[in-house]
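Residue numbers (the working numbering): 16 to 491. Backbone N, C-alpha and C fix where the C-beta goes; we use that ideal spot for every residue, glycine too. These figures come from a predicted structure and were not determined experimentally. Accompanying notes for the structure given below.
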Ligand SMILES: Cc1cc2nc3c(=O)[nH]c(=O)nc-3n(C[C@H](O)[C@H](O)[C@H](O)COP(=O)(O)OP(=O)(O)OC[C@H]3O[C@@H](n4cnc5c(N)ncnc54)[C@H](O)[C@@H]3O)c2cc1C
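Okay, structure coming up:
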């Protein structure tokens with residue numbers, strides 16, 4: 016089978032989906048996103064800290080610094096337009112001794128040089144009033160009021176949906192194995208046939224170096240740097256109101272404790288260089304390391320309410336900066352897009368879309384479709400609103416996930432979205448069924464049943480997360 020498209024985007028993470036959205040809104044070209052996994056946001060974009068970094072970490076003058084600060088500024092508007100949970104809660108980088116103090120003074124200087132607003136150093140007494148659960152051994156902290164939190168995968172789903180509403184197409188379970196230049200552009204080789212395109216964009220995350228090295232003489236090397244996390248159930252009172260960082264190390268931003276947009280508490284990540292860029296397992300050693308380090312920030316931490324753990328892989332480029340821009344004629348890329356890549360993605364996508372359109376001469380889009388408005392989640396409604404919702408549609412009265420209070424109507428809506436859920440994990444991340452303390456123990460069978468009905472498949476064909484991860488082995 017041979018497919019033709021004007022623009023081929025490889026990889027449906029936050030970068031690929033943000034770019035697909037920008038291109039589909041701005042130009043009349045056909046946009047196709049090829050993704051080797053079974054859904055969007057299956058790589059680093061689903062497994063990270065979800066912090067919209069203020070921009071003090073990156074060295075001034077780097078692409079990381081420039082795109083981080085630009086991206087952070089764009090977040091409130093992008094998330095409001097797409098209906099994605101985002102909160103600007105601020106962050107503190109805590110110093111526990113005088114060596115740490117000089118690190119945060121350097122971060123302050125860097126942040127100011129990068130143009131980050133509102134940075135200041137807070138001394139011990141004020142700090143303990145701001146965050147009473149902090150270890151009293153804290154000396155001082157850098158406060159970054161513009162730091163925020165976002166649901167990273169919900170952002171990617173919303174970007175993909177909006178791109179699809181404007182004509183972008185998504186091809187899943189499609190790995191691009193090779194890129195070959197042609198007279199008209201590029202030929203992308205996949206197991207199901209070639210995709211011919213006028214221009215191509217490599218947004219393949221940890222897989223991006225292989226494709227880069229096929230098209231460019233300037234070879235790059237990526238290291239897979241795994242980060243493991245623990246997630247605590249939503250407490251009545253969050254231990255901290257801000258994201259609490261420790262001082263960064265040469266391996267990254269260090270271990271954090273942060274509320275999530277849904278009220279859970281996130282602990283982590285580790286930073287381990289591993290040989291297999293797809294190994295997202297968690298280890299007893301890694302999680303013990305997280306727990307030990309978190310206790311420096313939060314001596315009262317207990318894992319009694321842990322609901323799950325996960326890991327994500329950073330695509331760390333050995334020279335440390337993002338490699339973004341044109342890699343070859345009619346070929347663009349975002350390689351080594353590790354943290355702050357989530358924060359930087361709206362800025363990168365806007366810039367790159369403009370460059371591609373100007374360079375390839377694509378005409379403007381005539382009609383733009385706005386994002387589909389998202390209803391208020393059932394679990395955030397008042398009792399009166401819930402009663403109205405049930406009267407409107409009785410499926411709102413069928414509670415499927417008891418832990419997170421998710422209804423049948425919400426699960427069906429998650430599957431019916433423009434780029435809808437096709438797996439149990441896809442449902443879980445889109446509407447939170449299975450995210451709670453029982454981790455799908457009660458609701459997974461009903462979710463499988465609903466997926467099978469909506470997709471017109473036998474229940475035995477439904478997977479947890481694509482491939483061979485089938486939920487059921489057969490009928491009895
Ligand atoms: C532990 C950790 C913590 C982080 N914390 C933060 C944070 O708090 N804030 C922040 O700003 N950033 C953070 N980041 C960085 C952020 O997650 C990444 O920068 C961002 O998700 C990268 O997006 P992406 O689209 O480039 O990559 P990905 O999300 O990995 O997407 C790439 C996609 O390409 C697909 N793919 C790969 N090869 C091929 C191929 N050959 N053919 C087709 N498809 C292919 C993959 O399956 C994947 O879906 C963190 C990252 C990690 C791992």
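task = Indicate the three-state DSSP secondary structure (helix, strand or coil) for residue 217 in the structure shown.
result = Here the question's residue 217 lines up with position 202 in the chain shown. Note: residue 217 maps to strand in three-state DSSP.
Where residue 319 falls, given that 16 or more other Cβ within 10 Å makes a residue buried = Within the chain shown, the letter at position 304 stands for residue 319. The residue is exposed, with fewer than 16 neighbouring Cβ atoms inside 10 Å.
task = Classify residue 440 as helix, strand or coil using the three-state DSSP reduction.
result = The residue given as residue 440 occupies position 425 in the chain shown. Residue 440: helix per DSSP, three-state reduction.
task = Quick one: give me the first and last residue of the alpha helix (DSSP H) that residue 78 is part of.
result = Counted from its first residue, the chain shown places residue 78 at position 63. 78-97 is the span of the alpha helix (DSSP H), which, as asked, contains residue 78.
request  = Indicate, with yes or no, if ligand 1 has a heavy atom lying under 6 Å from the CB of residue 218.
outcome  = What you label residue 218 is simply residue 203 of the chain shown in a count that begins at 1. Indeed, a heavy atom of ligand 1 lies less than 6 Å from the Cβ.
ask   = Where do the ends of the alpha helix (DSSP H) carrying residue 310 lie?
value = Numbered from 1 along the chain shown, position 295 holds the residue referred to as residue 310. DSSP places residue 310 inside the alpha helix (DSSP H), whose first and last residues are 299-312.
request  = Can you tell me which of the three DSSP states residue 266 falls into?
outcome  = Within the chain shown, the letter at position 251 stands for residue 266. Collapsing the DSSP output to three states places residue 266 in coil.
query = Hey, is the region 81-89 in contact with the region 190-209, meaning 3+ C-beta pairs nearer than 8 Å?
reply = With a cut-off of 8 Å, the region 190-209 and the region 81-89 do not count as touching, because too few Cβ pairs lie within range.
ask   = Looking at the structure shown, is residue 31 part of a helix, part of a strand, or coil, going by DSSP?
value = Here residue 31 corresponds to residue number 16 of the chain shown, with the count starting at 1. Residue 31: helix per DSSP, three-state reduction.
Residue 51 beta carbon near ligand 1 (any heavy atom closer than 6 Å) = Start at 1 with the first residue of the chain shown, and residue 51 comes out as number 36. With a cutoff of 6 Å, residue 51 counts as near ligand 1, since its C-beta is closer than that to a heavy atom of the ligand.
key: Buried or exposed by the 16-neighbour rule on C-beta atoms within 10 Å, applied to residue 195   = For the purposes of this step, residue 195 is identified with residue 180 of the chain shown, where counting begins at 1. Burial call: exposed.
message = Are the CB atoms of residue 168 and residue 444 within a distance shorter than 7 Å?
response = The residue given as residue 444 occupies position 429 in the chain shown. The residue given as residue 168 occupies position 153 in the chain shown. It is a contact, given that the beta carbons lie within the stated cut-off.
task = Look at the Cβ atom of residue 164, then the Cβ atom of residue 79, and state whether they are nearer than 7 Å.
result = Here residue 164 refers to the residue found at position 149 when the chain shown is read from its first residue. Here residue 79 refers to the residue found at position 64 when the chain shown is read from its first residue. In this structure, residue 164 sits away from residue 79, with a CB-CB distance that is not shorter than 7 Å.
Distance, residue 266 Cα to residue 333 Cα = Along the chain shown, one-based indexing puts residue 333 at 318. Along the chain shown, one-based indexing puts residue 266 at 251. Going from the Cα of residue 333 to the Cα of residue 266 covers about 11 Å.
key: Span separating the alpha-carbon of residue 420 from that of residue 156   = Residue 420 sits at position 405 when you count from the first residue of the chain shown. Residue 156 sits at position 141 when you count from the first residue of the chain shown. Distance between the alpha carbons of residue 420 and residue 156: 38 Å.
ask   = Hey, would you say the C-beta of residue 284 is under 6 Å away from at least one heavy atom of ligand 1?
value = Counting from 1 along the chain shown, the entry for residue 284 is found at position 269. Yes, the beta carbon of residue 284 sits closer than 6 Å to at least one heavy atom of ligand 1.
query = So, do the region 376-394 and the region 235-252 have three or more beta carbon pairs nearer to each other than 8 Å?
reply = no
query = Do you know whose CA, among 235, 347 and 385, lies nearest residue 181's CA?
reply = Here residue 181 refers to the residue found at position 166 when the chain shown is read from its first residue. Residue 181 has its Cα closest to that of 385, out of 235, 347 and 385.
ask   = Taking the alpha carbon of residue 189 as the point to measure from, which residue in 197, 271 and 55 has its own alpha carbon closest?
value = The residue you call residue 189 lines up with position 174 of the chain shown. Residue 189 has its Cα closest to that of 55, out of 197, 271 and 55.
ask   = Given that a residue counts as buried once 16 or more other Cβ atoms are within 10 Å of its Cβ, and exposed if not, what is residue 48?
value = In the chain shown, the residue the question calls residue 48 occupies position 33. The residue in question, residue 48, is buried, as its Cβ has 16 or more Cβ neighbours within 10 Å.
task = Leaving aside the five residues before and after residue 311 along the sequence, list all residues of the same chain whose C-beta is less than 7 Å from its C-beta, in chain order.
result = In the chain shown, residue 311 corresponds to position 296, counting from 1. Setting aside the 5 residues that flank it on each side, residue 311 is surrounded in the same chain by 111, 150 and 261, each with a C-beta closer than 7 Å to its C-beta; the list follows chain order.
task = Would you mind working out which of 474, 211 and 138 sits nearest residue 488, comparing C-alpha positions?
result = Reading the chain shown from its first residue, position 473 is the one you call residue 488. It is 474 whose Cα lies nearest to the Cα of residue 488.
message = In chain order, what are the residue ranges of uninterrupted alpha helix (DSSP H) at least 4 long that sit wholly in the region 29-72?
response = 29-41
query = Between which two residues does the beta strand (DSSP E) containing residue 243 stretch?
reply = Here residue 243 is taken as the residue at index 228 of the chain shown, counted from 1. Per DSSP, residue 243 belongs to the beta strand (DSSP E) from 237-247.
query = What does DSSP give as the partner residues of residue 209 in its beta bridges?
reply = Sequence index remark: in the chain shown, residue 209 carries index 194 (1-based). Answer is 204, bridged to residue 209.
ask   = Taking the beta strand (DSSP E) that residue 327 falls in, what are its first and last residues?
value = Taking the chain shown and counting its residues from 1, the one referred to as residue 327 is at position 312. Its beta strand (DSSP E) spans residues 321-332.
task = Please say whether residue 122 and residue 187 have beta carbons closer to each other than 7 Å?
result = In the chain shown, the residue the question calls residue 187 occupies position 172. In the chain shown, the residue the question calls residue 122 occupies position 107. It is not a contact, given that the beta carbons lie outside the stated cut-off.
message = Suppose the cutoff is 8 Å on Cβ atoms and the five residues either side in sequence are ignored; what does the same chain contact list for residue 400 look like?
response = For the purposes of this step, residue 400 is identified with residue 385 of the chain shown, where counting begins at 1. Result list for residue 400: 391, in chain order.
ask   = What residues in its chain sit with their C-beta under 6 Å from that of residue 21, if we drop five residues either side in the sequence?
value = Along the chain shown, read from residue 1 onward, the residue named residue 21 stands at position 6. Taken in chain order, the residues that qualify are 44, 45 and 213.
query = For the 8 Å Cβ check, are there 3 or more pairs between the region 269-283 and the region 210-224?
reply = no
task = Please confirm if the region 131-143 is in contact with the region 351-365, defined as three or more CB-CB distances below 8 Å between the two stretches.
result = no
key: Top-ranked residue by Cα proximity to residue 38, from 91, 184, 152 and 94   = By 1-based counting over the chain shown, the position of residue 38 is 23. Per the Cα distances, 184.
task = Kindly indicate the opening and closing residues of the beta strand (DSSP E) around residue 157.
result = Translated into the one-based positions of the chain shown, residue 157 becomes position 142. Where residue 157 is concerned, the enclosing beta strand (DSSP E) stretches over 155-159.
key: Integer Cβ distance of residue 259 from residue 109, believed to fall under 8 Å   = Here residue 259 corresponds to residue number 244 of the chain shown, with the count starting at 1. Here residue 109 corresponds to residue number 94 of the chain shown, with the count starting at 1. Their Cβ separation, rounded to whole angstroms, is 6 Å, which keeps residue 259 and residue 109 in contact under 8 Å.
message = Can you tell me whether residue 198 is helix, strand or coil according to DSSP?
response = In the chain shown, counting from the first residue as 1, residue 198 sits at position 183. Residue state, collapsed to three classes: coil.
query = Which residue spans inside the region 395-451 form an unbroken beta strand (DSSP E) run of at least 3?
reply = 414-416
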